[in-house]
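Using our numbering, read the sequence shown as starting at 3 and increasing by one per residue. Just so you know, even glycine gets a beta-carbon here, dropped at the ideal spot from N, CA and C. See structure below.
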Amino acid sequence: MKRQADVTRKALLTAANEVIAEFGAITFTLDAVALKAGLSKGALLHHFPSKKELVAAMVKDMVDQFTAMVSELAAKDPEPRGRSARAYVRVIAGQSKKEYDAWASMSAALLSDMSLLHMWRSAVSEALAADLEETDDPTGALVARLAADGIWASDIYGTYGFEDARRRALLDRLVALTRA
């Protein structure tokens, strides 16, 4: 059974994600988060003493969830060569609209606070180290990751608006690069 503090913390993070999706990571208020969670502002401040700490916890949670999904998918891949890069591409391809919206909402926070951006950069550095061990062509794996990041950014910001067949063909090509 989960501790009540863990349940409350999760409820606050969920509410904060919803509020930030509506108002943005810079202009949201702690009052709005507490209201959305159905808790007092005091309860929110008990778990997250400042807005900065709440945003940091949200970024850490998002990065941890993303890297866990990639690790889980890579571990299930029967072909060990290039599996981490392949899993990265597939997780990005499988992101839901809600997940894309969460990343889009947090983009401003990531870019405005280097300590938050460092969390993402650390996760990427670990991923690139896996590519060096898993493939004879780490450049191909890197190209696949970078292109997947471009598709991800396009999905987040709506810049290219790929139709499904074209998007699928692009992702299939990126997966193929991880097998080179």
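Same chain only: Cβ atoms within 6 Å of residue i, ignoring 5 sequence neighbours per side
| i | result |
| --- | --- |
| alanine 171 | none |
| threonine 137 | Arg83, Gly84 and Ala143 |
Range of the contiguous alpha helix (DSSP H) that encloses residue i
| i | result |
| --- | --- |
| tyrosine 102 | 99-114 |
| arginine 88 | 85-95 |
| serine 73 | 53-78 |
| aspartate 33 | 32-39 |
| threonine 16 | 6-25 |
| isoleucine 28 | Looking at the DSSP string, isoleucine 28 is not in any alpha helix (DSSP H), and its letter there is neither H nor E. |
Cβ-Cβ distance between residue i and residue j below 7 Å
| i | j | result |
| --- | --- | --- |
| alanine 146 | alanine 77 | no |
| aspartate 63 | leucine 14 | no |
| glycine 96 | threonine 180 | no |
| valine 21 | lysine 38 | yes |
| alanine 104 | valine 65 | no |
| alanine 18 | methionine 60 | yes |
| leucine 119 | alanine 111 | no |
| aspartate 139 | alanine 182 | yes |
Buried versus exposed call for residue i [16 or more other C-beta atoms within 10 Å across all chains shown]
| i | result |
| --- | --- |
| tyrosine 90 | buried |
| alanine 134 | It is leucine, not alanine, that sits at residue 134 in the sequence shown. By the 10 Å Cβ count, leucine 134 comes out exposed. |
| leucine 113 | exposed |
| aspartate 166 | exposed |
| glutamate 101 | buried |
| isoleucine 28 | exposed |
| methionine 108 | buried |
| aspartate 157 | buried |
| alanine 7 | exposed |
| alanine 131 | exposed |
Cβ-based neighbour list, residue i, same chain, cut-off 7 Å, excluding 5 preceding and 5 following
| i | result |
| --- | --- |
| histidine 49 | Thr10, Arg11 and Leu14 |
| methionine 71 | Val93 |
| tryptophan 122 | Val65 and Leu112 |
| glutamate 24 | none |
| phenylalanine 30 | Val21 and Ile22 |
| threonine 69 | Ala125 |
Distance between beta carbons of residue j and residue i, contact taken as under 8 Å
| i | j | result |
| --- | --- | --- |
| leucine 46 | valine 35 | 6 Å |
| alanine 155 | leucine 176 | Going by Cβ atoms, the distance from alanine 155 to leucine 176 rounds to 14 Å, so no, they are not a contact pair. |
| leucine 32 | lysine 54 | Incorrect: roughly 11 Å between the Cβ atoms, too far for contact. |
Close-in-space but distant-in-sequence residues of the same chain around residue i (CB under 8 Å, 5 per side omitted)
| i | result |
| --- | --- |
| serine 98 | none |
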